[in-house]
Amino acid sequence: MKVIGINGSPRPSGNTSKMLGLALETLNREGIETELVQVGGTDIKGCRACFACIRNKDSRCATKNDGFNEIFEKMVAAQGLILASPTYFADITPELKALIDRSGFIARANGGLFRHKAGAAVVTLRRAGAIHAFDSINHMFQMSQMFIVGSTYWNLGFGGREGDEVLNDAEGLENMRDLGSSMTLLLKKLHNH
Ligand SMILES: Cc1cc2nc3c(=O)[nH]c(=O)nc-3n(C[C@H](O)[C@H](O)[C@H](O)COP(=O)(O)O)c2cc1C
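Right under this line is the structure:
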């Protein structure tokens, strides 16, 4: 069983990656394979609404050479998805939004490729607006027949400065450990392990 963690922050070693990394580490320790994929800071394009995915039904996006199809293949093959983003003006980063729009649309166009996967949103923030970003991620899960994994609080971590300020947010970190454990439990139940 595998969980793909997607970092929507353009900082590959910033607060978001620290939070996501902790959830993935916990899953890993409990026997689930994990992979972290960096989407923030890449040249991923938005959906062009060309509907080629609906016509072709080939589980691919017609916009090529921006790394999307490779990431989408990993998402489809995994049993769990954790999508993480810093809060940008009370929402997610444009790179993660582009991934959500295209992957959610192609998954639907091809008969529900995300059906019955486990999903979790993880968001970091400096001060406010994270719940709206958290919701933006969950909206895709909720219309993709996915099971959403929560924790002891919403999956948020506070961090401002570049790097690892989020490591001072003990409650946020504990939440990530709990999220990893809960996703492990759900995956093991779903897949009879
Ligand atoms: C363009 C931009 C917009 C931001 N908007 C918000 C915001 O609306 N609310 C907030 O609390 N923090 C905001 N922040 C701060 C980041 O969300 C926060 O520092 C986050 O932990 C950064 O994660 P990272 O280190 O993984 O990049 C913003 C940062 C940037 C660069």
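Counting from 63, one number per residue, gives the positions in the sequence shown under the working numbering.
Glycine included, every Cβ here is placed at the ideal spot set by N, Cα and C.
Review point. At which residues does the beta strand (DSSP E) containing T96 begin and terminate?
Key: E95 to Q100
**Study point:** Reduced DSSP category for S79 - H, G, I as helix; E, B as strand; rest coil
**Key:** helix
Exercise for review: For the beta strand (DSSP E) containing M156, list its first residue and its last residue.
Suggested key: Looking at the sequence itself, residue 156 is Pro, so the reference to Met does not match. Element bounds for P156: not the beta strand (DSSP E) but the alpha helix (DSSP H), P156 to A171.
Check your understanding: Is it a yes or a no for the segment 214-233 touching the segment 100-116, going by three-plus beta-carbon pairs under 8 Å?
Key -> no
Review point. If you draw a straight line from the alpha carbon of S71 to that of M245, how long is it in whole angstroms?
Key: 22 Å
Check your understanding: First and last residue of the beta strand (DSSP E) that includes I68?
Key -> K64 to N69
Review point. Expressed to the nearest angstrom, what Euclidean distance is found between the alpha-carbon atoms of N90 and S121?
Key: 28 Å
Review point. Can we count S244 as close to ligand 1, meaning its CB is less than 7 Å from some heavy atom?
Key: no
**Study point:** Test item: CB-CB of M202 and I162 under 8 Å
**Key:** yes
Exercise for review: Use the C-beta contact count for A190: other C-beta atoms within 10 angstroms, 16 or more gives buried, fewer gives exposed.
Suggested key: exposed
**Study point:** F151 beta carbon less than 8 Å from that of C115
**Key:** no
**Study point:** the segment 73-82 contacting the segment 217-234, beta-carbon criterion three pairs below 8 Å
**Key:** yes
Review point. Relative to the C-alpha of G181, which residue among E95, T88 and L248 is closest?
Key: L248
Review point. Thinking C-beta only, is A124 closer than 8 Å to N69?
Key: no
**Study point:** Simplified DSSP assignment, three categories, for D240
**Key:** helix
Practice item. Return the CA-CA distance between D128 and R117, expressed in angstroms with no decimal places. Key: 21 Å
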